[in-house]
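Engineer: Questions regarding the structure given below will be posed in turn.
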Amino acid sequence: MTHVGVVGAGVMGAGVAQNLAQCGHTVALVDRDPDAIKQALSGIETQCRMSRLLGGPEIDAEAVIGRISTDTDLLLLAEAEVVIENITENWELKRALYREMDPVVRPDAVFVANTSAIPITRLASLTKRPRQFVGVHFMNPVPMKPAVELIPGHHTSQAALERVRDLLSSMGKKAIDVNDACGFVSNRVLMLTVNEAAYLVHENVATAETVDEVFRSCFGHPMGPLETADLIGVDTILYSVEVLYEHYADSKYRPCPLLKHMTDAGLHGRKTGEGFYSYGPSATATATGRSAAGGGTDRSPSHD
Ligand code: NAD
44 MTHVGVVGAG VMGAGVAQNL AQCGHTVALV DRDPDAIKQA LSGIETQCRM SRLLGGPEID
104 AEAVIGRIST DTDLLLLAEA EVVIENITEN WELKRALYRE MDPVVRPDAV FVANTSAIPI
164 TRLASLTKRP RQFVGVHFMN PVPMKPAVEL IPGHHTSQAA LERVRDLLSS MGKKAIDVND
224 ACGFVSNRVL MLTVNEAAYL VHENVATAET VDEVFRSCFG HPMGPLETAD LIGVDTILYS
284 VEVLYEHYAD SKYRPCPLLK HMTDAGLHGR KTGEGFYSYG PSATATATGR SAAGGGTDRS
344 PSHD
């Protein structure tokens, strides 16, 4: 059993905390937003209680929640052996956090950055422990996904890498080793695909539903790229594409204006109840008829 700090209680932080606690680890969960913490705990409890109904194992929700302590103060992380950072995909926010967190966390602890695209070596340079700094690109929803990308930074020690691999294995995750590069393997491809799919809607070539149907019906993908964008978070997609665009200085990563418009409007996908689709309490997707203007007039009756 490891005592793990988890920073950020959004889509990914909540999933990481749940997965760790389900596997018997104790978790110190920190977010600067108390509402995010509340939402994370209630989401974790619901997921655990519904596990059996959804064909998963029986999970003792009370025991899982009992292993998670929470606070808005980073001091909660002081005794953690490993700290997994999952805050917003924004360089300035991550920079401020690592600067503040490094002196608070015990010196022998390993930092794990869960990022969609930011190079691990760059994040590690924000700390005084680049040897104890590892990148893990978790997949969403974390408790249900069997594999992650495991990324060493330039200075990462073999001991730190193996320590994190062992922790991942205890969470039921296969670690796929990839080298450190902006976007790693998965998001060099996925973010381009989602961004281009958003351009198709922006340019009125097809609706979000049609774009997704092509990927599901023609390619046999379980989800289309815009359903995937709603699951990941439209804001997170935009921030990741912006990181790729800035890093590679390559116009192929130019962020689609529709993603910017939707992010500004709070249409972040499942987590805010509306993105390319609308989600009711049961999280049933309904097409929004999102258009080039980004107006998102709801053409379909809600089935929620
Ligand atoms: P999110 O927007 O759902 O959650 C981010 C959380 O970070 C919010 O609750 C916010 O309050 C909190 N936060 C921001 N600044 C903070 C600070 N200084 N201290 C404490 N908390 C702070 O984002 P997410 O989707 O959970 O993404 C988190 C990270 O994981 C990002 O780097 C993202 O790129 C990466 N990631 C996301 C996905 C995905 O599918 N969403 C998949 C893999 C990796």
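Counted the way the working numbering counts, the sequence shown spans residues 44 to 347. Glycine is no exception: its CB is placed at the ideal position from the N, C-alpha and C atoms. These figures come from a predicted structure and were not determined experimentally.
Which residues does DSSP list as the beta-bridge partners of E192?
Structural biologist: As a first step, residue 192 is located in the sequence shown; it is residue number 149 there, counting from the start. According to DSSP, which records beta bridges pairwise, E192 is partnered with H180, I219.
Engineer: If we call anything under 8 Å between Cβ atoms a contact, is E143 one with L166?
Structural biologist: Here residue 143 corresponds to residue number 100 of the sequence shown, with the count starting at 1. Here residue 166 corresponds to residue number 123 of the sequence shown, with the count starting at 1. It is not a contact, given that the beta carbons lie outside the stated cut-off.
Engineer: CA-CA distance, V254 and E122?
Structural biologist: Locating residue 254 in the sequence shown gives position 211, counting from the first residue. Locating residue 122 in the sequence shown gives position 79, counting from the first residue. Their Cα atoms are separated by approximately 48 Å.
Engineer: What's the gap between the Cα of A104 and the Cα of A292?
Structural biologist: Numbered from its first residue, the sequence shown carries residue 104 at position 61. Numbered from its first residue, the sequence shown carries residue 292 at position 249. Using only the alpha carbons, I get a separation of about 46 Å.
Engineer: Assuming the contact rule is C-beta atoms closer than 8 Å, V70 and A64 should be a hit. Round their C-beta distance to whole Å, please.
Structural biologist: Counting from 1 along the sequence shown, the entry for residue 70 is found at position 27. Counting from 1 along the sequence shown, the entry for residue 64 is found at position 21. About 5 Å; that satisfies the 8 Å criterion.
Engineer: Just to confirm, does N157 get its C-beta within under 7 Å of one of the non-hydrogen atoms of ligand 1?
Structural biologist: Position 114 of the sequence shown, counted from the first residue, corresponds to residue 157. Flag set: Cβ of N157 near ligand 1.
Engineer: Taking all protein chains shown into account, do 16 or more other C-beta atoms lie within 10 angstroms of the C-beta of T115, making it buried, or fewer, making it exposed?
Structural biologist: Start at 1 with the first residue of the sequence shown, and residue 115 comes out as number 72. Its Cβ having fewer than 16 others within 10 Å, T115 is exposed.
Engineer: CA-CA distance, L301 and V54?
Structural biologist: As a working mapping, residue 301 is identified with position 258 in the sequence shown. As a working mapping, residue 54 is identified with position 11 in the sequence shown. Rounded to the nearest angstrom, the two C-alpha atoms are 22 Å apart.
Engineer: Using 8 Å as the threshold, is the C-beta distance between L274 and N183 below it?
Structural biologist: As a first step, residue 274 must be located in the sequence shown, where it is residue number 231. As a first step, residue 183 must be located in the sequence shown, where it is residue number 140. For L274 and N183, yes; Cβs fall inside 8 Å.
Engineer: When the Cα of G309 is compared with those of E88, G276, H290, which residue comes out closest?
Structural biologist: As a position in the sequence shown, residue 309 is number 266, starting the count at 1. Checking every option, the nearest Cα to that of G309 belongs to G276.
Engineer: Report buried or exposed for C299, applying the criterion of at least 16 other Cβ atoms within 10 angstroms of its Cβ.
Structural biologist: Counting from 1 along the sequence shown, the entry for residue 299 is found at position 256. Buried, because 16 or more other Cβ atoms sit within 10 Å of the Cβ of C299.
Engineer: In terms of alpha-carbon separation, which member of G67, S159, N238 lies closest to E132?
Structural biologist: If you number the sequence shown from 1, residue 132 lands on position 89. Here the closest residue by C-alpha is S159.
Engineer: Give a yes or no on whether the minimum CB-CB distance between V177 and chain D is below 8 Å.
Structural biologist: The structure shown contains no chain D; it holds only a single protein chain.
Engineer: Quick check: is any heavy atom of ligand 1 less than 7 Å from the C-beta of F154?
Structural biologist: Here residue 154 refers to the residue found at position 111 of the sequence shown. No - ligand 1 has no heavy atom lying nearer than 7 Å to the Cβ of F154.
Engineer: How many angstroms separate the CA atom of T164 from the CA atom of H180?
Structural biologist: In the sequence shown, the residue the question calls residue 164 occupies position 121. In the sequence shown, the residue the question calls residue 180 occupies position 137. Taking the straight line from one Cα to the other gives about 14 Å.
Engineer: According to the neighbour-count rule (16 or more other Cβ atoms, all chains shown, within 10 Å of its Cβ), is C261 buried or exposed?
Structural biologist: Along the sequence shown, one-based indexing puts residue 261 at 218. It is exposed - the Cβ of C261 has fewer than 16 other Cβ atoms within 10 Å.
Engineer: Apart from the five residues just before and just after R208, which ones in its own chain have a Cβ nearer than 6 Å to its Cβ?
Structural biologist: Stepping through the sequence shown from its first residue, residue 208 is reached at position 165. The residues are A218.
Engineer: Within 10 angstroms of the Cβ of Q90, are there 16 or more other Cβ atoms? Answer buried if so, exposed if not.
Structural biologist: Taking the sequence shown and counting its residues from 1, the one referred to as residue 90 is at position 47. The residue is buried, with at least 16 neighbouring Cβ atoms inside 10 Å.
Engineer: Work out the CA separation of Q61 and V147 for me, nearest whole Å.
Structural biologist: If you number the sequence shown from 1, residue 147 lands on position 104. If you number the sequence shown from 1, residue 61 lands on position 18. Distance between the alpha carbons of V147 and Q61 is about 24 Å.
Engineer: Taking one C-beta from the stretch 220-229 and one from the stretch 192-203 each time, how about it: are there three or more such pairs within less than 8 Å?
Structural biologist: Yes, they touch.
Engineer: From this set, V59, F319, V49, which residue's C-alpha is nearest E124's C-alpha?
Structural biologist: Taking the first residue of the sequence shown as position 1, residue 124 is located at position 81. Residue V49 is the option with its Cα nearest to E124.
Engineer: Please tell me whether, using a cut-off of 7 Å, the distance from the CB of T131 to the nearest non-hydrogen atom of ligand 1 is below it.
Structural biologist: Taking the sequence shown and counting its residues from 1, one reaches residue 131 at position 88. Flag set: Cβ of T131 near ligand 1.
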